[in-house]
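> Got a structure here, written out as structure tokens. Questions coming.
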Amino acid sequence: MYHFPDILVFLCLFASGCFFGYYCKHAYVYDNLWVHWHALLGGVVAVALAGGLTLRKYLKRQQSYDHFYVIFYGLICYLISCCFMLTGNLNICFYFGFIGIGTTLIPCYSYISLRSSSRGLRPARIAFGNALHFAGFTVGFSVFNEFEPIYCGWIYLGISLFMLAGVVVNEVLQHLGVHNYKVSFDLAFNLLNEEKLVFLPNKSIFALFAGRDDYYVQRNRQWWVVSLAAVLMLERALLYSASYQQLAWSSTFAYMATQHLYGPYALYTFGCALGCALMARYKPKLLYLMFGVIKITALSALLGVYDENATEQCFYFLCFYYTSIGVYSSVVFQLVLECTPLLYTELALAVAYVIELLVLEVLKYETLADDNWQELLGIGIFNILLTAVCIALVCILVPRSRGLIEMRNKLMGVRRRRPSTPPQSKLWNTNYFVYHDLQPDDVRCVKLDGNRVFQQYPKESDASEEPPKIGERLASICSGKGAFY
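Whatever position you read off the sequence shown (first residue = 1), add 26 for this note's numbering.
Here it is, written out as structure tokens:
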């Protein structure tokens with residue numbers, strides 16, 4: 027029961043992905059560019075919501091864990107969107123759907139980050155949420171049917187009602203004391219949050235370490251790392267390139283004789299799931315380096331073998347391309363959630379989401395290009411160069427995942443000094459010998475079998491009499507002068 031809120035948040039990400047996938051398929055089938063700008067409403071709502079949450083944290087100076095109240099409102103918007111979908115009014119349906127997406131993604135990812143422990147599993151949890159979101163995206167993209175919106179409406183209505191029931195049950199369990207979702211697995215964050223010390227300004231944080239001999243302060247590079255997230259989000263959003271999606275669909279039809287339009291997103295979802303499994307063991311910067319190089323290689327090979335009349339030659343390279351993007355796609359959310367100042371986490375996440383939506387809508391205009399090869403070549407070269415820059419920046423700037431408080435201190439330049447003398451491993455430097463004030467000369471090393479050494483205390487004098495040999499002892503006993511002992 028303790029992990030029920032986390033499971034509920036992951037399922038909410040799946041539900042938001044379903045609505046987003048349905049919209050993207052609708053935008054592809056009905057090529058009306060004005061309709062595509064429905065998505066910007068989700069970005070505006072996300073920024074407004076993030077601003078409100080930031081203001082609330084600033085006034086309370088404490089994390090109040092209001093995420094499920096916001097998620098509940100987002101699910102209500104999904105429910106209203108489903109009602110319009112059942113009546114066939116898809117324009118109004120998308121408006122309410124994107125309001126629901128904007129009010130669901132921000133609290134879900136924020137809650138995942140807050141609930142993570144300080145053992146370094148936050149990247150894997152964020153990757154798992156990203157994988158579920160795009161799994162829902164693939165489902166929504168695949169079930170779309172322009173002739174039967176009512177059929178899809180009943181599916182999404184069932185998903186929305188199920189998630190609403192889950193949020194209500196979660197609040198009832200919280201009220202009954204079965205679990206407590208308003209607490210983090212990070213002990214340091216909990217302690218500082220109770221004392222209202224989490225959202226202190228930088229000057230107050232530096233004052234906590236002023237005059238201490240065991241800490242020193244370096245240059246603050248927190249906002250440099252956060253600005254890197256904007257570049258990574260731009261690189262990630264190139265996934266929605268209409269030219270490469272069209273190439274993937276045509277190559278799939280030529281190679282497999284089937285029209286699975288959701289194929290690129292299914293491969294991307296598989297890459298997200300693979301990245302989630304790998305991030306539980308390996309560092310995110312290592313995965314970004316490895317699969318970024320694989321992506322560059324696959325994209326270069328794809329541009330080299332491209333033939334408009336034989337697109338089946340690009341099939342395998344496209345599989346590597348979309349899978350490799352999915353593996354490291356969650357690193358941008360890790361940067362935003364771990365490296366942003368704790369007061370502005372939701373606001374930075376909303377800005378990243380707006381960047382993704384803007385790139386998504388701009389890339390829709392690729393369909394107006396007359397020369398498809400020139401469009402593929404231009405986007406491909408830009409993608410290769412941008413990925414190479416992102417790999418270098420990630421390897422230089424991305425820190426190792428820790429607790430939120432440790433990450434904040436490290437990025438602000440607060441470092442612990444190393445001891446001037448190396449730690450001693452001798453036995454007389456352990457707690458027992460220090461407690462009794464024993465020196466190395468007070469003990470005598472007695473070598474036992476193998477490598478075992480016994481430290482004898484008190485140390486025997488050098489002039490101590492050696493024990494008699496066995497022959498002398500037997501002679502003494504036989505003469506009656508000795509005794510058994």
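Each residue gets a CB set at the ideal place from its N, CA and C atoms; glycine is no exception.
Are the region 191-207 and the region 30-47 touching, with three or more C-beta to C-beta distances below 8 Å?
Yes: the two stretches touch, three or more of their Cβ pairs being nearer than 8 Å.
> What residues match up with residue 440 in a beta bridge as DSSP calls it?
To locate residue 440, count along the sequence shown from 1; it is residue 414. 243.
> Considering only the beta carbon of each residue, do residue 136 and residue 372 sit closer than 8 Å?
In the sequence shown, the residue the question calls residue 136 occupies position 110. In the sequence shown, the residue the question calls residue 372 occupies position 346. Yes.
> In whole angstroms, give me the CA-to-CA distance for residue 316 and residue 308.
Here the question's residue 316 lines up with position 290 in the sequence shown. Here the question's residue 308 lines up with position 282 in the sequence shown. Cα to Cα, residue 316 sits roughly 11 Å from residue 308.
> By Cβ distance below 6 Å, which residues in the same chain neighbour residue 47 in space, the five residues on each side in sequence not counted?
Along the sequence shown, one-based indexing puts residue 47 at 21. 163, 166, 167, listed in sequence order.
> CA-CA distance, residue 346 and residue 176?
Start at 1 with the first residue of the sequence shown, and residue 346 comes out as number 320. Start at 1 with the first residue of the sequence shown, and residue 176 comes out as number 150. Distance between the alpha carbons of residue 346 and residue 176 is about 36 Å.
> If residue 92 sits next to residue 430, beta carbons under 8 Å apart, how far is it from one beta carbon to the other, in whole angstroms?
The residue you call residue 92 lines up with position 66 of the sequence shown. The residue you call residue 430 lines up with position 404 of the sequence shown. Residue 92 to residue 430, Cβ: 18 Å. No contact.
> For residue 382, which residues of its own chain have a beta-carbon under 8 Å away from its beta-carbon, when the five flanking residues on both sides are left out?
Position 356 of the sequence shown holds residue 382. Taken in chain order, the residues that qualify are 259, 262, 263.
> Give me the Cα-Cα distance between residue 79 and residue 228, rounded to the nearest whole angstrom.
Reading the sequence shown from its first residue, position 53 is the one you call residue 79. Reading the sequence shown from its first residue, position 202 is the one you call residue 228. Computed Cα separation, rounded: 20 Å.
> Taking only the alpha-carbon atoms, compute the straight-line gap between residue 444 and residue 199 and give it to the nearest angstrom.
By one-based count along the sequence shown, residue 444 stands at place 418. By one-based count along the sequence shown, residue 199 stands at place 173. Answer to the nearest angstrom: the Cα atoms are 47 Å apart.
> Look at the alpha carbon of residue 257 and the alpha carbon of residue 201, and state the distance between them as a whole number of angstroms.
Along the sequence shown, one-based indexing puts residue 257 at 231. Along the sequence shown, one-based indexing puts residue 201 at 175. Taking the straight line from one Cα to the other gives about 43 Å.
> Note down, one range per segment and in chain order, each alpha helix (DSSP H) of at least 4 residues found wholly within the region 115-173.
The qualifying runs are 116-141, 148-169.
> If I follow the unbroken alpha helix (DSSP H) through residue 269, where does it start and stop?
Here residue 269 refers to the residue found at position 243 of the sequence shown. Its alpha helix (DSSP H) spans residues 268-282.
> Taking only three categories from DSSP, how would you classify residue 41?
Taking the first residue of the sequence shown as 1, we reach residue 41 at position 15. Looking at residue 41 - three-state DSSP - the assignment turns out to be helix.
> From residue 191 to residue 197, what distance separates their C-alpha atoms?
Along the sequence shown, one-based indexing puts residue 191 at 165. Along the sequence shown, one-based indexing puts residue 197 at 171. Using only the alpha carbons, I get a separation of about 10 Å.
> Going by DSSP in three states, residue 426 sits in which element: helix, strand or coil?
Taking the first residue of the sequence shown as 1, we reach residue 426 at position 400. Three-state DSSP puts residue 426 in coil, outside helix and strand.
> Taking the alpha-carbon positions, what's the residue 400 to residue 393 distance?
Taking the first residue of the sequence shown as 1, we reach residue 400 at position 374. Taking the first residue of the sequence shown as 1, we reach residue 393 at position 367. Roughly 12 Å between the two C-alpha positions.
> On the premise that residue 294 lies in contact with residue 348, defined as a C-beta separation below 8 Å, what is that separation, rounded to the nearest angstrom?
On the sequence shown, residue 348 is found 322 positions in, with the first residue counted as 1. On the sequence shown, residue 294 is found 268 positions in, with the first residue counted as 1. Contact flag correct, Cβ pair sits at about 5 Å.
> What is the DSSP secondary structure of residue 248, reduced to helix, strand or coil?
Taking the first residue of the sequence shown as 1, we reach residue 248 at position 222. Helix at residue 248.
> Rounding to the nearest angstrom, what Cα-Cα distance links residue 45 and residue 360 in this structure?
Here residue 45 corresponds to residue number 19 of the sequence shown, with the count starting at 1. Here residue 360 corresponds to residue number 334 of the sequence shown, with the count starting at 1. Answer to the nearest angstrom: the Cα atoms are 24 Å apart.
> Is the CB-CB distance between residue 107 and residue 128 below 8 Å?
Position 81 of the sequence shown, counting from 1, holds the residue named residue 107. Position 102 of the sequence shown, counting from 1, holds the residue named residue 128. No, the Cβ-Cβ distance between residue 107 and residue 128 is not below 8 Å.
> So, under 8 Å CB-CB, residue 160 and residue 64 are touching, yes? Tell me the CB distance rounded to an integer number of Å.
Taking the first residue of the sequence shown as position 1, residue 160 is located at position 134. Taking the first residue of the sequence shown as position 1, residue 64 is located at position 38. The pair is not a contact, with the Cβ atoms about 20 Å apart (cut-off 8 Å).
> Am I right that residue 89 and residue 171 are in contact with their C-beta atoms under 8 Å? What's the rounded C-beta distance?
For the purposes of this step, residue 89 is taken as residue 63 along the sequence shown, with counting starting at 1. For the purposes of this step, residue 171 is taken as residue 145 along the sequence shown, with counting starting at 1. Not confirmed; about 43 Å, so no contact.
> According to DSSP, is residue 204 part of a helix, a strand, or is it coil?
As a working note, residue 204 is residue 178 in the sequence shown. Of the three classes helix, strand and coil, the one that applies to residue 204 here is coil, per DSSP.
> Please state whether DSSP places residue 337 in a helix, a strand or coil.
Translated into the one-based positions of the sequence shown, residue 337 becomes position 311. Helix at residue 337.
> Please classify residue 29 as buried or exposed, where buried requires at least 16 other C-beta atoms within 10 Å of its C-beta.
Taking the first residue of the sequence shown as position 1, residue 29 is located at position 3. Counting Cβ neighbours within 10 Å, residue 29 comes out exposed, since fewer than 16 surround it.
> Pick helix, strand or coil for residue 366, following the three-state DSSP scheme.
In the sequence shown, counting from the first residue as 1, residue 366 sits at position 340. Residue 366 falls in the coil class under three-state DSSP.
> Let me confirm a value: residue 40 is counted as buried when at least 16 other C-beta atoms fall within 10 Å, else exposed. Which label applies?
Taking the first residue of the sequence shown as position 1, residue 40 is located at position 14. Buried, since its Cβ has 16 or more Cβ neighbours within 10 Å.
> What does the Cβ neighbour count give for residue 174, buried or exposed, with the cut at 16 atoms within 10 Å?
Residue 174 sits at position 148 when you count from the first residue of the sequence shown. Classification of residue 174: exposed, given that the 10 Å Cβ count is below 16.
> Using the rule of at least 16 other Cβ atoms within 10 Å of the residue's Cβ for burial, across every protein chain shown, is residue 344 buried or exposed?
As a position in the sequence shown, residue 344 is number 318, starting the count at 1. Buried: at least 16 other Cβ atoms inside 10 Å.
> Alpha carbon to alpha carbon, how far is residue 215 from residue 224?
The residue you call residue 215 lines up with position 189 of the sequence shown. The residue you call residue 224 lines up with position 198 of the sequence shown. Rounded to whole angstroms, residue 215 to residue 224 spans 7 Å at the Cα level.
> Less than 6 Å between C-beta atoms, sequence neighbours within five positions excluded: which residues of the same chain meet that for residue 275?
Looking up residue 275 in the sequence shown gives position 249. So the list reads 287, once near-sequence residues are dropped.
> Should residue 441 go down as buried or exposed, given a rule of 16 or more other Cβ atoms within 10 Å for buried?
As a working mapping, residue 441 is identified with position 415 in the sequence shown. By the neighbour-count rule (16 or more Cβ atoms within 10 Å), residue 441 is not buried but exposed.
> Is residue 387 helix, strand or coil by DSSP?
Here the question's residue 387 lines up with position 361 in the sequence shown. Three-state DSSP puts residue 387 in a helix.
> What does the Cβ neighbour count give for residue 489, buried or exposed, with the cut at 16 atoms within 10 Å?
Taking the sequence shown and counting its residues from 1, one reaches residue 489 at position 463. At residue 489 the pLDDT is 43, less than 50, meaning the model places this residue with poor confidence; the figure from the coordinates comes in the next sentence. Result: exposed.
> So what does DSSP say about residue 99, is it helix, strand or coil?
Position 73 of the sequence shown, counted from the first residue, corresponds to residue 99. Helix, per DSSP.
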